[in-house]
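Start counting the sequence shown at 1; every next residue gets the next number (the UniProt record's numbering).
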Amino acid sequence: MNSESPKIKVQLVTIDEDHVGQRIDNFLLTKLKGVPKSMIYRIVRKGEVRVNKKRIKPEYKLQDGDIVRVPPVRVSEKDERPGPSANLSKVSQLEERILFEDKHLIVLNKPAGLAVHGGSGVDFGIIEAMRSLRPTQKFLELAHRLDKDTSGVLLIAKKRSALRHLHDQLRFKKMQKDYQALVKGTWQARDKAIKAPLLKLTLKSGERIVRVNQEGKECETRFKILQRYQGSTLVQASPVTGRTHQIRVHCQYTGHPIACDEKYSEQKYDDSMRALGLNRLFLHAAQLRFTHPGNEEVMIVKAPLDPVLTQTLDKLIKV
């Protein structure tokens, strides 16, 4: 299919394992790029879309071997936001940060300061950038997320079957994520697991934050001390659950906020860290352990700390 053509012909698409379980409306949204959702529902409702020559509902889930009739639909190209240029320096630099790639997935060492996807005032994110770097790749989706200010290991699926496989591992807690964080003060050895429920809140200013609250969702992070410094501790944080800002809020809750965390840290501590040259949140997804969705082998991928983080550590005094 040529998605850039203003009109497409009737297509008969045979469903393979990559699309098994996907709803027909979502399948059509990706197949008919630029076509609004309202039109997708209209052509399904009118019976113009058929599966195995039969009418279906928008929530129908595709099965292996299904034959889908995709009708000719005018594509409104102006509805599609253009992606970033592959030559843009921020985008082209991502190529050098790929830790692993095969036909199933890409493992990226995500830079700090770049959101995982565009929206909310962000022109483009990691996923849009990777699509511009891999223009012939038909499927490219985030398997999970990292905060904009967090760097480190990020998984991107190149097949729908790989995405499902990785999502199952996350759902059943079979994927282990180990982060490194530099926190204020002396972390207590007894604080090996923090279990504190988290609740998302919106302040009067419109800012969204997360707080420990008994009405929040159950949450657990496991901690290990990696190195003690004067006034700081480098810890390994391994989230058991995957809540928004989980590690950042759990560190703040214990009285040890992460260095240069604009939402949850302390001004005086952050000023002392900035004086050492730290200009970003010191939170890094250092290692990810998961099962490869293709060959079922256990993979352990490590992302090296960015130079600004290692240089900050070098300036601290070990104790």
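C-beta: ideal position from N, C-alpha, C; glycine also.
| Item | Value |
| --- | --- |
| Unbroken alpha helix (DSSP H) run spanning residue 85, endpoints | Run containing residue 85: none; DSSP gives neither H nor E here. |
| Spatial neighbours of residue 116 in its chain, beta-carbon cut-off 8 Å, leaving aside the 5 residues before and after | 110, 125, 126, 127, 142, 145, 146, 148, 154 |
| One or two residues paired with residue 228 in a DSSP bridge | 233 |
| Minimum C-alpha distance to residue 18 - residue among 73, 104, 253, 174 | 104 |
| Reference residue 306; option with closest CA among 60, 35, 113 | 113 |
| Assigned secondary structure, residue 158 (DSSP; H/G/I helix, E/B strand, else coil) | coil |
| Buried or exposed by the 16-neighbour rule on C-beta atoms within 10 Å, applied to residue 36 | exposed |
| Span of the beta strand (DSSP E) around residue 275 | Per DSSP, residue 275 belongs to no beta strand (DSSP E) and is neither H nor E. |
| Buried versus exposed, by CB contacts within 10 Å (16 or more), residue 57 | exposed |
| Cα-Cα separation, residue 50 to residue 69 | 5 Å |
| Close beta carbons around residue 237, own chain, < 7 Å, minus the five adjacent residues each side | 179, 181, 221, 223, 247 |
| Extent of the continuous alpha helix (DSSP H) to which residue 128 belongs | 126-133 |
| Contained beta strand (DSSP E) runs [length at least 3] in the stretch 189-218, N- to C-terminal order | 193-195, 198-202, 208-212 |
| Coil, strand or helix - residue 52 by DSSP | coil |
| Neighbourhood of residue 309 by C-beta, 7 Å cutoff - its chain only, sequence neighbours within 5 removed | 282, 284 |
| Residues near residue 311 by beta carbon distance below 7 Å, same chain, minus five either side | 277 |
| Cβ neighbours of residue 162 in the same chain (closer than 6 Å, five flanking residues each side left out) | 104, 105, 293 |
| Whether residue 62 touches residue 10 by CB criterion (8 Å) | no |
| Cβ-based burial, residue 193 [other Cβ within 10 Å; buried from 16] | exposed |
| Euclidean distance between Cα positions of residue 79 and residue 40 | Annotation note: pLDDT 42 at residue 79 (below 50); position unreliable, coordinate value reported separately. Residue 79 and residue 40: Cα-Cα distance of roughly 14 Å. |
| Terminal residues of the alpha helix (DSSP H) in which residue 27 lies | 24-31 |
| CB contact flag (residue 24, residue 65, <8 Å) | no |
| Burial state of residue 160, where buried means 16 or more other Cβ atoms lie within 10 Å | buried |
| DSSP bridge partner residues for residue 100 (one or two, in chain order) | 107 |
| Helix, strand or coil at residue 291 [DSSP, three-state] | strand |
| First and last residue of the uninterrupted alpha helix (DSSP H) at residue 43 | 37-45 |
| Inter-residue spacing [alpha-carbon to alpha-carbon] between residue 290 and residue 134 | 24 Å |
| Rounded straight-line distance, which links the Cα of residue 209 to that of residue 338 | For the chain, the structure presents residues 1 to 319; residue 338 sits outside this window and is missing. |
| Anticipated Cβ contact below 8 Å, residue 173 with residue 198, distance rounded | So it is not a contact: roughly 17 Å between Cβ atoms. |
| Three-way DSSP call (helix, strand, coil) for residue 17 in this model | helix |
| As assigned by DSSP and simplified to three states, the class of residue 141 | strand |
| Three-state secondary structure assigned by DSSP to residue 256 | coil |
| Cβ-heavy atom distance, residue 290 to the ligand HEM, below 7 Å | In the structure shown, the ligand HEM is absent, as is every other ligand, since no ligand is present at all. |
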